[in-house]
Each structure stands twice: as structure tokens, then as C-alpha cells.
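Here is the structure we will look at, set down as C-alpha cells.
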Amino acid sequence: MNLAYSPDFSVIGPALPTLLDGLWLTLEISTIVIAASAVLGFPLAVARMSKIEVIRWPAQLYIEAFRCTPLLIQLLWVFYALPALLGIDLPGKLSIIIALTAHLTAFMSETYRAGMQSVPVEQIEAARMLRLNRVQILRYVIVPQAFRQQIPTILSLNVSMFKDTSLVSALGLADLTFQGNILSSQTYRPMEIFTLVAVLYFAVAFPATLFTSYVERRLLTSGSRGAPPPSSGLRGTLARMRPGYRPPAVASPVLKSLLKPEGV
-8 MNLAYSPDFS
2 VIGPALPTLL
12 DGLWLTLEIS
22 TIVIAASAVL
32 GFPLAVARMS
42 KIEVIRWPAQ
52 LYIEAFRCTP
62 LLIQLLWVFY
72 ALPALLGIDL
82 PGKLSIIIAL
92 TAHLTAFMSE
102 TYRAGMQSVP
112 VEQIEAARML
122 RLNRVQILRY
132 VIVPQAFRQQ
142 IPTILSLNVS
152 MFKDTSLVSA
162 LGLADLTFQG
172 NILSSQTYRP
182 MEIFTLVAVL
192 YFAVAFPATL
202 FTSYVERRLL
212 TSGSRGAPPP
222 SSGLRGTLAR
232 MRPGYRPPAV
242 ASPVLKSLLK
252 PEGV
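Numbering (this note's numbering), first residue to last: -8 to 255.
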């Protein structure tokens, strides 16, 4: 019995329009979830840092509940249990968006909190000396610095959420992975179909990952006092964008003066 598998990539052409429809739905869900969680994560982070226990503990419980349970279980619970608990009929797409938004909001809030707590205490004290209230300190001192520092982490979370949307195929939503499953069973060509599915995911996620690396490098370069200007041209741009690249570390003038030998 011959078990050799002969690839037949002629199925890619007819399958591509259906997979692109699934990719469009995946992008639509990802965009809604990312935008909603980016907004909802900030008040949750502020509540998490509140000194009032009645506000802080529920926020922390919410965050830990979504961080310490699998995303697939959260999707199944919101899809099946939440409508029965509330006694309402939730559309499948809406329940999936709710579950993904609740999940990403927990991670986004922790990212915001880490960024806000990384702001030096001296700057907050200086703002208080200038008679700025809490809202003004948050708006003009903490948030701009925290957001700038956490941009790479936020972008990485968004890329991960785009890939995690493949789990919604288990609930019957016609996203990219679900369409790939259907076409695979219809054509009996799983290798070709799922290779194309992987390529489509990669075509979206890889440029986003490069952009994340590029933003991180730019932030590190701009934060390095006295760093040499980046090389120009396409080759220099691609070199700075590749994963793992780090801008050359340049010592500050103060550090150079301390390391300079005496008498020189």
C-alpha cells in the first residue's frame, strides 16, 4: 500500500477567495477587540492602582481571572454560559468579541499599570510641587511617558491577539481557520490548504512584528544620549527592523568623563 502524499497546489486558486473572506472576518474581529481593549484597559489599570480596596480588589480579581484561565475556556464560557446566566440571546459574533475584549483588556491594563508605575517618583513629586492635581499629573506626566515606554509591549499583545482569534473556529465562526478546516475536508488537501492559511496569517503578523521591532529600536535609539544617527537607505531600514537588532550603546558624556584617564 502506497502512503506517499503527492502535493497538489492547484487547489490554492479556487480556495483563495474563501480564505480571504475568512481573513477579512478575522481582521474585523481583531480590530474591534484591539480598539475596545485599548480604551477599557486604562480605567481598569487606574482602578488596579487605586488605594481604595473596594475599587482595587475587584479590578485585581478581574485581571487575575482572565490572566490565569485559558482563552478557549473563556470563549466557551461567554458563548454558552453567559447567555444562559443572563437569560438573553447573544449573537455568536458578539459573544466572541466580548470574550476576546475581556481577555485582552486584562493584559492591556497590566501593561498600562507597569508603564505608569515605571515613571520616576521624583517627577510626580515635582508635579505636585507645581500644584498639579491628580488628573493633571496623570494626563501630563504619567500617561505620556508610560504609553511611550509600553508601545512595543502593546503592539506585541495586539499581534498575539490577532493570532489567538484562530480559537474562535471552535465556536463555528467563519474566520480564516474555520474556512481552512472546511476547505480541507472538502478537497482532502490539508497540507496545501493549511499551508495557505499559515501564509495568510504570516502575511499579516510578520509585518506587524517587524513594525513592533522597528518602534522598539527607535525608542531605544532616541533614549540613548549621543547615539549615532541610523544608517540611511533601504538596507539600513531593514537592518533596524529585523528582530533581535539592538542599536549600538553609546556612553553618555558624563560617563565618558568619568572613564577618561587622568592627565589625558
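By construction, the Cβ of each residue, glycine as well, lies at the ideal position given by its N, Cα and C atoms.
Burial state of residue i, where buried means 16 or more other Cβ atoms lie within 10 Å
| i | result |
| --- | --- |
| Leu174 | buried |
| Ile64 | exposed |
| Asp80 | exposed |
| Thr102 | buried |
| Thr92 | buried |
| Phe193 | exposed |
| Thr22 | exposed |
| Glu113 | exposed |
| Asn149 | buried |
| Ala6 | buried |
| Val30 | exposed |
| Phe33 | buried |
| Met182 | exposed |
| Glu207 | buried |
| Ser160 | buried |
| Ser1 | exposed |
| Arg104 | buried |
| Thr156 | buried |
| Ala137 | buried |
| Asp166 | buried |
| Pro17 | Correcting the residue type first, residue 17 is Thr in the shown sequence and not Pro. It is buried - the Cβ of Thr17 has at least 16 other Cβ atoms within 10 Å. |
| Leu52 | exposed |
| Ser(-3) | exposed |
N- and C-terminal bounds of the alpha helix (DSSP H) containing residue i
| i | result |
| --- | --- |
| Lys154 | 134 to 155 |
| Ile54 | 44 to 58 |
| Arg337 | Residue 337 cannot be examined here, being either before or after the span of the chain that is shown, -8 to 255. |
| Pro34 | 3 to 39 |
Supposed close pair residue i, residue j - CB separation, criterion 8 Å
| i | j | result |
| --- | --- | --- |
| Phe98 | Ile87 | About 17 Å separates the two Cβ atoms, so there is no contact after all. |
| Gly4 | Gly83 | About 30 Å; that fails the 8 Å criterion. |
| Leu171 | Phe185 | Residue identity check: residue 171 is Gly in the sequence provided, not Leu. Right, their Cβ atoms sit about 6 Å apart. |
| Ser28 | Leu123 | Between Leu123 and Ser28 the Cβ distance is about 29 Å, and since that is not below 8 Å, they are no contact. |
| Thr203 | Ser147 | 6 Å |
| Ile142 | Met107 | Actually they are not in contact, since the Cβ atoms of Ile142 and Met107 sit about 14 Å apart, beyond 8 Å. |
| Val188 | Thr168 | 7 Å |
| Arg47 | Ala36 | Not quite, the Cβ-Cβ distance comes to about 11 Å (not below 8 Å), so this is no contact. |
| Leu210 | Arg139 | 7 Å |
Chain B contact for residue i (CB, 8 Å cutoff)
| i | result |
| --- | --- |
| Leu164 | This model lacks chain B altogether, as it is built from one protein chain only. |
* Residue ranges of each alpha helix (DSSP H) run of no fewer than 4 residues wholly in the segment 63 to 130, ordered along the chain? -> Listed in chain order, they are 73 to 77, 83 to 108, 112 to 120, 125 to 128.
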